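The UniProt record's numbering numbers the first residue of the sequence shown as 1 and each following residue consecutively. The structure appears right after this line, and notes come after that.
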Amino acid sequence: MFRQIVINPTEIKQKAQRKYPTFLASTITGEPFFPLALPVGKLPKDFASLNQSVPELMAQSKDTLGYGYVLELRTRNHREHGPQSLPERIYIEDRDDYLKLLRTDPSITVIFI
């Protein structure tokens with residue numbers, strides 16, 4: 001039961017950027033902002049697209065770069081392609097990862113804290 005169109009690293013950054021005003025507000029109100037969950041999207045139906053999208057997500061993840069989003073994978077059996085590691089959850093753990101992903105100067109938000 002594969003869906004369509006998984007999120008890509010550029011879209012992850014765009015979605016995180018759109019949350020920036022909420023992030024700034026949370027520094028004032030003290031409301032928790034992290035972990036920031038992001039939608040995985042729908043997985044491609046065709047194997048070629050799936051085979052391309054998962055490594056692309058992994059290459060830009062925190063496990064690879066040392067900052068940014070965490071990509072949790074889950075192995076699922078596909079009747080045609082066998083076991084596949086597929087994105088289950090994408091999230092940003094903390095402030096440092098968030099600001100580094102957005103390439104934002106952390107000192108800017110210090111003003112608001």
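C-beta atoms are modelled at their ideal positions from N, C-alpha and C, and glycine is treated no differently. Treat the numbers as computed from the prediction; the structure is a model and nothing was measured.
Around the CB of proline 55, fewer than 16 other CB atoms lie within 10 Å, so the residue is classed as exposed. The C-alpha of arginine 76 lies about 23 Å from the C-alpha of threonine 64.
In the structure shown, the three-state DSSP call for tyrosine 98 is helix.
Counting along the chain, the unbroken alpha helix (DSSP H) around proline 55 starts and ends at 47-59.
Around valine 40, the same chain offers Val6, Ile7, Pro87, Glu88, Arg89 and Ile90 as residues with beta carbons nearer than 8 Å, after the five sequence neighbours per side are excluded.
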